[in-house]
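**Student:**
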Amino acid sequence: MSEPIYDVIQVGYGPVSKAMAIFLSRRGHKVGVFERFREVFPLPRAVCIDHEIARAMRANGLGPQLDAVTSPAPLYRWYNAEWKELLCIDWTKESISGGPEVNFIHPPSFERSLDVVVRNSPNVALHMGWEAIDLMQSEDGVELTVRNMETREVKRVRSRYLIGIDGANSLVRSKSGSGRKDLGFQADCS
Numbered sequence: 044m045s046e047p048i049y050d051v052i053q054v055g056y057g058p059v060s061k062a063m064a065i066f067l068s069r070r071g072h073k074v075g076v077f078e079r080f081r082e083v084f085p086l087p088r089a090v091c092i093d094h095e096i097a098r099a100m101r102a103n104g105l106g107p108q109l110d111a112v113t114s115p116a117p118l119y120r121w122y123n124a125e126w127k128e129l130l131c132i133d134w135t136k137e138s139i140s141g142g143p144e145v146n147f148i149h150p151p152s153f154e155r156s157l158d159v160v161v162r163n164s165p166n167v168a169l170h171m172g173w174e175a176i177d178l179m180q181s182e183d184g185v186e187l188t189v190r191n192m193e194t195r196e197v198k199r200v201r202s203r204y205l206i207g208i209d210g211a212n213s214l215v216r217s218k219s220g221s222g223r224k225d226l227g228f229q230a231d232c233s
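Throughout the sequence shown, residue numbering follows my numbering, covering 44 to 233 in sequence.
What follows is the structure in structure tokens.
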């Protein structure tokens with residue numbers, strides 16, 4: 044693999060992949076994104092982002108896209124059937140990054156706005172409708188085998204690096220041998 048086609052291949056095209064493609068492209072990297080679905084996922088996924096993600100988005104020039112689809116989170120409370128408070132998280136406090144600790148977001152709107160930026164990024168090649176089916180790593184990069192979901196055509200693409208941003212049923216995670224461990228959700232109650 045002497046001349047990789049891409050600097051980075053990304054498998055999956057959710058919100059994290061869109062942001063990563065934009066960040067890498069703006070730094071001059073040639074990025075190939077492969078997504079098995081032909082259209083951007085139309086339903087909400089995560090519904091909030093914290094101040095650190097908001098800061099990273101703004102630092103990378105995505106503040107206008109973020110501000111158009113977010114609003115500060117209210118006080119977060121859970122009650123049982125007797126209206127006894129079970130959990131209270133104060134997300135209304137000012138964060139160390141500036142701005143709210145947590146922002147609610149409308150994911151489909153945010154993803155559509157990021158998709159526009161990706162499609163206008165000169166260093167990103169977006170391949171919708173291509174499913175990753177295998178990968179092989181070598182000393183100087185990785186070769187990804189993809190299949191067109193419509194025509195069933197199979198091809199191999201190469202890059203120096205591969206990022207698996209392909210969700211819960213990740214081919215990349217299973218092929219790389221890395222597992223996952225649920226550490227549970229913990230939050231301080233006030």
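Yeah, the Cβ is synthetic: ideal placement off N, Cα and C, and Gly gets one too. Computed from a predicted model, the values in this text were never measured in an experiment.
So, helix, strand or coil for residue 152, using DSSP?
**Tutor:** If DSSP states are grouped into helix, strand and coil, residue 152 belongs with the helices.
**Student:** Taking all protein chains shown into account, decide if residue 56 is buried (16 or more other Cβ within 10 angstroms of its Cβ) or exposed.
**Tutor:** That one is buried.
**Student:** Along the chain, which unbroken stretches of the beta strand (DSSP E) at least 3 residues long are found entirely within the region 110-169?
**Tutor:** List check, beta strand (DSSP E) in window: 113-115, 119-122, 128-132, 145-148.
**Student:** Since residue 191 sits in a beta bridge, which residues does DSSP pair it with?
**Tutor:** Bridge partners of residue 191: 173.
**Student:** Is the beta carbon of residue 143 less than 9 Å from the beta carbon of residue 94?
**Tutor:** Against a cut-off of 9 Å, the Cβ pair of residue 94 and residue 143 comes out as a contact.
**Student:** Which residues share a DSSP beta bridge with residue 77?
**Tutor:** In DSSP, residue 77 forms a bridge with 54, 170.
**Student:** Which one of 96, 203, 219 has the shortest CA to CA distance from residue 73?
**Tutor:** Checked all of 96, 203, 219; the closest Cα to residue 73 is 203.
**Student:** In angstroms with no decimal places, state the Cα-to-Cα distance between residue 193 and residue 170.
**Tutor:** The alpha-carbon atoms of residue 193 and residue 170 are separated by roughly 13 Å.
**Student:** Please tell me whether residue 190 and residue 197 are closer than 9 Å, where the distance is taken between their beta carbons.
**Tutor:** Yes; because the gap between Cβ atoms is below 9 Å, this pair is in contact.
**Student:** Is residue 168 closer than 9 Å to residue 187 when the C-beta atoms are compared?
**Tutor:** Their beta carbons are not under 9 Å apart, which means residue 187 does not touch residue 168 by this criterion.
**Student:** Let me check one thing: in DSSP terms, what residues is residue 197 bridge-paired to?
**Tutor:** The partner list for residue 197 (beta bridge, DSSP) reads 190.
**Student:** In three-state DSSP terms, what is residue 213?
**Tutor:** The answer is coil: DSSP assigns residue 213 none of H, G, I, E or B.
**Student:** In this structure, does DSSP put residue 178 in helix, strand or coil?
**Tutor:** Note: residue 178 maps to strand in three-state DSSP.
**Student:** So what does DSSP say about residue 92, is it helix, strand or coil?
**Tutor:** Strand.
**Student:** In its own chain, which residues sit with a C-beta less than 6 Å from the C-beta of residue 48, not counting the 5 before and 5 after it?
**Tutor:** Answer for residue 48: 200, 201, listed in chain order.
**Student:** So, at 7 Å on beta carbons, what are the nonlocal neighbours of residue 213 in its own chain, with the 5 sequence-adjacent residues on each side left out?
**Tutor:** Once the five neighbours on either side are set aside, the close Cβ partners of residue 213 are 207.
**Student:** When you compare only the Cα positions, how much space is there between residue 118 and residue 110?
**Tutor:** Using only the alpha carbons, I get a separation of about 20 Å.
**Student:** Step through the CB atoms of chain B and report whether any lies within less than 9 Å of the CB of residue 85.
**Tutor:** The chain labelled as chain B is not found in the depicted structure, where only one protein chain is given.
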